[in-house]
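Contents: one structure, followed by commentary.
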Amino acid sequence: MATIKQTLGDLNQESFVGLLSKLIGESKFVQNNPPELIPEEDRIVNHVLDVLRPYSTATGGGPLIINHVTYKPNRGNLIVEYPGTQPGKILSFVGMHMDVVTANPSDWDFDPFSLGIDGDMLKGRGTTDCLGHVALVAELMRRLAETKPQLKSTVVAVFIASEENSSIPGVGVDALVKDGLLNNLKQGPLFWIDTADKQPCIGTGGMIPWKLHATGKLFHSGLAHKAINPLELAMEALKVIQSRFYEDFPPHPREQVYGFATPSTMKPTQWFYPGGGINQIPAECTVSGDVRLTPFYSVTDVIKKLEAYVEDLNTNIEKLDTRGPVSKYVLPDENLRGRLAITFDEAMSGVACNLDSRGFHVLCKATEEVVGHVKPYSITGSLPLIRELQEEGFDVQTAGYGLMATYHAKNEYCLLSDMSQGYRVFASIIAQLEE
Numbered sequence: 014m015a016t017i018k019q020t021l022g023d024l025n026q027e028s029f030v031g032l033l034s035k036l037i038g039e040s041k042f043v044q045n046n047p048p049e050l051i052p053e054e055d056r057i058v059n060h061v062l063d064v065l066r067p068y069s070t071a072t073g074g075g076p077l078i079i080n081h082v083t084y085k086p087n088r089g090n091l092i093v094e095y096p097g098t099q100p101g102k103i104l105s106f107v108g109m110h111m112d113v114v115t116a117n118p119s120d121w122d123f124d125p126f127s128l129g130i131d132g133d134m135l136k137g138r139g140t141t142d143c144l145g146h147v148a149l150v151a152e153l154m155r156r157l158a159e160t161k162p163q164l165k166s167t168v169v170a171v172f173i174a175s176e177e178n179s180s181i182p183g184v185g186v187d188a189l190v191k192d193g194l195l196n197n198l199k200q201g202p203l204f205w206i207d208t209a210d211k212q213p214c215i216g217t218g219g220m221i222p223w224k225l226h227a228t229g230k231l232f233h234s235g236l237a238h239k240a241i242n243p244l245e246l247a248m249e250a251l252k253v254i255q256s257r258f259y260e261d262f263p264p265h266p267r268e269q270v271y272g273f274a275t276p277s278t279m280k281p282t283q284w285f286y287p288g289g290g291i292n293q294i295p296a297e298c299t300v301s302g303d304v305r306l307t308p309f310y311s312v313t314d315v316i317k318k319l320e321a322y323v324e325d326l327n328t329n330i331e332k333l334d335t336r337g338p339v340s341k342y343v344l345p346d347e348n349l350r351g352r353l354a355i356t357f358d359e360a361m362s363g364v365a366c367n368l369d370s371r372g373f374h375v376l377c378k379a380t381e382e383v384v385g386h387v388k389p390y391s392i393t394g395s396l397p398l399i400r401e402l403q404e405e406g407f408d409v410q411t412a413g414y415g416l417m418a419t420y421h422a423k424n425e426y427c428l429l430s431d432m433s434q435g436y437r438v439f440a441s442i443i444a445q446l447e448e
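Quick note on our numbering: the sequence shown kicks off at 14 and runs consecutively.
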């Protein structure tokens, strides 16, 4: 009698590439950057349904139970279930998202919105993140449905909308969890398939987007003693804020255990000012950036600390370092003081996967078996929602088979050989969880 791994075999590369070609052909329409670009994930759903619907219970072919769940027009999620024989025994592949980050064709060496094939390379926006994984898991579910192995475990795939941008809530996995549609997945390991480089990703960072607004006094740059320069104020204040942040949130001992590439960081990434002549000291400016926080610190604690730093700076603004003999942040004769304000966009928490769980152990064993070695890693890149899933009681493990070097990058690509190994890892996970 054939084993489960023999039954599932290797990835049908021709079928996989054919599906991926259709998905990348839709990538232009699933770019996620509201309000300009709102993805239509149902374009992807429809191609996946074309592959899986012939095996759906709804069409009489069986055995797949397919649920197309939509909260906003044209923005569906897809839950696909291959039923097992033992109630309560389950494993799931989740997080394969059907939206992509933006791509400017003029910056690329090839068309980002059509699949390019160059030997082992599969090129186009979404090949690594994450349409390649959508096609890969769709092929896994198709093979299960075709070969119908008798499994004790139910295998569930959840293809999600709206991962790349959270400014429009209630579209993707957050809404599925809120509606209880994933509750049954708590009974077994949940593999979030949206990382890269074929190794278990066991830790991710939280992210806190911040804006530091500095208000000064506009004046002619030749009479700098009559101005409060908000650019200088912002630069000096940010230096203090960063120094205090690194004192309060130093490298954490557990970061070594998880292999984080960096500790927590707080840095500027953007400057804004309202415009004006080169000979004008402006009235205001804004510095924006983010905190990337290892999961051993609390996002809420960091926000409170940053607010406290700014409050202290405002109270003692005359003590802040200045730049040159007439640089100042207070004009007593005019009863004017420079002022700082910090605001935050939506923050997310990082996750430290449970290294003692069955899910982690089977993922490691499958990776070693297929890839030849296992070396779990952690990054302060952020994955939305998985911390919330963990807190809800899910055993979340993460992996992916694209390339970190091309994640969110121009000239994105993945390797067919890597995706083929990913398929075999999935087959090994299913087989191990039957034991």
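Quick reminder that beta carbons are idealized off the backbone N, C-alpha and C, glycines included.
Tell me whether residue i is buried or exposed, calling it buried when 16 or more other Cβ atoms sit within 10 Å of its Cβ.
{"i": "PHE126", "result": "buried"}
{"i": "SER277", "result": "buried"}
{"i": "PHE262", "result": "buried"}
{"i": "PRO397", "result": "buried"}
{"i": "THR411", "result": "buried"}
{"i": "ARG56", "result": "buried"}
{"i": "SER256", "result": "exposed"}
{"i": "LYS252", "result": "exposed"}
{"i": "ASP408", "result": "buried"}
{"i": "VAL343", "result": "exposed"}
{"i": "ILE291", "result": "exposed"}
{"i": "GLU260", "result": "exposed"}
{"i": "ARG400", "result": "buried"}
{"i": "PRO52", "result": "buried"}
{"i": "THR217", "result": "buried"}
{"i": "GLU159", "result": "exposed"}
Can you tell which of the options has its C-alpha closest to the C-alpha of residue i?
{"i": "PRO338", "options": "HIS238, ARG257, ASN292, ARG437", "result": "HIS238"}
{"i": "ILE254", "options": "MET154, ASN197, THR167, GLU324", "result": "GLU324"}
{"i": "LEU416", "options": "TYR310, PRO48, GLY139", "result": "GLY139"}
{"i": "GLU331", "options": "GLU249, GLU404, GLN269, TYR271", "result": "GLU249"}
{"i": "GLU405", "options": "GLY302, ASP187, ARG155, GLY137", "result": "ASP187"}
{"i": "PHE273", "options": "PRO287, GLY289, LEU306", "result": "LEU306"}
{"i": "PHE309", "options": "LEU319, TYR271, ILE294", "result": "TYR271"}
{"i": "LEU91", "options": "GLN99, SER105, GLY97, THR98", "result": "SER105"}
{"i": "SER395", "options": "ALA365, LYS102, MET154, LEU149", "result": "ALA365"}
{"i": "GLU38", "options": "LYS136, ASP192, ASP334", "result": "In the sequence on display, residue 38 carries Gly and not Glu. Here the closest residue by C-alpha is LYS136."}
{"i": "GLU49", "options": "TYR414, ILE181, GLY193", "result": "ILE181"}
Please state whether DSSP places residue i in a helix, a strand or coil.
{"i": "ARG88", "result": "coil"}
{"i": "GLU152", "result": "helix"}
{"i": "GLY302", "result": "strand"}
{"i": "TYR390", "result": "strand"}
{"i": "LYS230", "result": "strand"}
{"i": "LEU429", "result": "helix"}
{"i": "ASP131", "result": "strand"}
{"i": "TYR286", "result": "coil"}
{"i": "ALA444", "result": "helix"}
{"i": "GLY451", "result": "Residue 451 is absent from the structure shown; the chain starts at 14 and stops at 448."}
{"i": "HIS459", "result": "Outside the displayed range of the chain (14 to 448) lies residue 459, so it cannot be described from this structure."}
{"i": "VAL171", "result": "strand"}
{"i": "LYS280", "result": "strand"}
{"i": "GLN44", "result": "strand"}
{"i": "LYS224", "result": "strand"}
{"i": "CYS366", "result": "coil"}
{"i": "GLU94", "result": "strand"}
{"i": "GLY337", "result": "coil"}
{"i": "GLY193", "result": "coil"}
{"i": "GLY73", "result": "coil"}
Counting only the same chain and skipping the five closest in sequence on each side, list residues whose C-beta sits under 6 Å from that of residue i.
{"i": "PHE258", "result": "MET279"}
{"i": "LEU244", "result": "CYS298"}
{"i": "SER34", "result": "LEU128"}
{"i": "ALA227", "result": "PRO243, LEU246, ALA247, CYS298, LEU353"}
{"i": "GLY235", "result": "none"}
{"i": "LEU195", "result": "LEU189"}
{"i": "SER301", "result": "LYS224, GLN283"}
{"i": "ILE442", "result": "VAL375, ALA379"}
{"i": "ASN80", "result": "ILE92"}
{"i": "ARG267", "result": "PHE309"}
Only counting the same chain, and skipping five residues up and downstream in sequence, which positions put a Cβ closer than 8 Å to that of residue i?
{"i": "ILE316", "result": "ILE221, PHE357, ALA360"}
{"i": "ALA296", "result": "THR228, GLY229, LYS230, LEU231, PRO243, PRO287"}
{"i": "ASP133", "result": "LEU428, LEU429, SER430"}
Within its chain, find whatever has a CB closer than 7 Å to the CB of residue i; leave out the 5 residues flanking it on each side and keep chain order.
{"i": "LYS388", "result": "GLN212"}
{"i": "HIS421", "result": "VAL114, ASP142"}
{"i": "THR16", "result": "ALA444"}
- Task: Kindly confirm or deny that the stretch 61-80 and the stretch 359-379 touch, where touching means at least three C-beta pairs closer than 8 Å.
- Result: no
Any chance the stretch 202-214 sits against the stretch 111-125, with 3 or more Cβ pairs inside 8 Å? no
Just checking, does the stretch 36-49 make contact with the stretch 64-71 on the three C-beta pairs under 8 Å criterion?
no
Segment contact, 8 Å Cβ cut-off, at least three pairs: the stretch 366-374 with the stretch 141-152: no
State whether the stretch 100-115 contacts the stretch 171-178, with contact taken as three or more CB pairs (one from each stretch) at a distance under 8 Å.
yes
Take every Cβ of the stretch 23-31, pair it with every Cβ of the stretch 426-444, and state whether three or more of those distances are shorter than 8 Å. yes
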